[in-house]
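Student: Its first residue numbered 128, the sequence shown is counted upward by one per residue in my numbering. Glycine is no exception: its CB is placed at the ideal position from the N, C-alpha and C atoms. What you are looking at is a predicted structure, and each value in this text was computed from that prediction instead of being measured.
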Amino acid sequence: MTGIIIAVSVVAFVILILLITNIHIVPQAHAYVIERLGSYHDTWKNGIHVKVPFIDRINKKVNMMEQVVDFPPQSVITKDNVRMQIDTIVYYQITDCKLYAYGVTNPIFAIENLTATTLRNMIGELDLDGTLTSRDTINTKMRMILDEATDAWGIKVNRVELKNIIPPREIQDAMEKQMKAERERRELILRAEGEKNSAILLAEGRKQSAILDAEAEKQAAILRAEAEREVKIREAEGEAEAILKVQQATAEGLRMLNAVKPGSEVLTLKTLDAFAKVADGKATKIIIPTELQSVASLATVIGETVKKDAEA
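1. To the nearest angstrom, report how far apart residue 250 and residue 243 are at their CA atoms.
2. Give every residue of the same chain whose Cβ lies closer than 7 Å to the Cβ of residue 207, excluding the five residues on either side of it in the sequence, and list them in chain order.
3. Compute the Euclidean distance between the alpha carbons of residue 296 and residue 259, then round it to the nearest angstrom.
4. Take every Cβ of the stretch 301 to 308, pair it with every Cβ of the stretch 266 to 279, and state whether three or more of those distances are shorter than 8 Å.
5. Just to confirm, is the Cβ distance from residue 213 to residue 203 under 7 Å?
6. By the three-class DSSP mapping on this structure, what secondary structure does residue 130 have?
7. If you pair each beta-carbon of the stretch 152 to 162 with each one of the stretch 171 to 187, do three or more pairs fall below 8 Å?
8. Tell me the start and end of each unbroken alpha helix (DSSP H) in the stretch 275 to 304 that is at least 4 residues and wholly inside, in chain order.
9. Residues in the same chain with beta-carbon distance under 6 Å from residue 145, minus the five sequence neighbours each way, listed in chain order, please.
10. With DSSP as the reference, label residue 214 as helix, strand or coil.
11. Would residue 222 and residue 283 be called neighbours here (beta carbons separated by less than 7 Å)?
12. Bridge partners for residue 196 per DSSP, in chain order?
13. Helix, strand or coil, according to DSSP, for residue 201 in the structure here?
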């Protein structure tokens, strides 16, 4: 009886161990490919699953998250026979676990070799400059080619990047010299442009200064002419006013003389007085009218008569 109990206990224990060991928990974003009797049976998603002992087998545990693989540098030759090293990075994701498990023996190795051959074909159609300046184009074409080829393996290629393009050392030296010469050329161009603009600005400044000086001189000349004209106008007005006053005084004198009705003797004396002013010693030749000569004789006679009366 005791032997039976021990046997049953052992069997129960073995069954419990088998059950425990065949209970599997699939984590999130993972999947298990299950085979039954050597053939594909099912794909377990995340959660708890129980495997039939001795019949079911986990063939492959698959990571469903996007993964990144960095392939070592590949030797490629450009169209102009330049040998260089290029390494690539591939971002991929497993979309079909069955195809991934049974489509190819080593998917990553297959992708690496496919990437190398595709890269060599594409670089062989480009020269060195085209390779260095066409990264985006190369990335896009390689992604399309790899994605199409890996569909049969249950893999989707999301992105391909050229990480490093390493030309030979002598090519790098030549490129550095070329870049240095280009930078120096741009520097000289920028400096010449700056000097040109500076000279233009200075010339514009001198031009504006000359224009302003000429304008100022013009305004000054106009103001001086206006001032001289005003002075001449005032002088002319003063002379005209003086002449007018002299004429007015002369007219007033004549009016007063006419008012007193002077005799011929007074007129004669006025005439002699005017003649004396004319003959002030500056004239070299004097013409005396006959009327004035007779008047002068009369004045002499009168003078002699007055003198004799005085002596008597």
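Tutor: Concretely, from the data shown:
1. 11 Å
2. Excluding sequence neighbours, residue 207 sits near 254 and 255.
3. Pairing residue 296 with residue 259, the inter-Cα distance amounts to about 15 Å.
4. no
5. yes
6. If DSSP states are grouped into helix, strand and coil, residue 130 belongs with the helices.
7. yes
8. For the alpha helix (DSSP H) assignment, the stretch 275 to 304 encloses no uninterrupted run of at least 4 residues.
9. 180
10. strand
11. Contact: yes.
12. 217
13. strand
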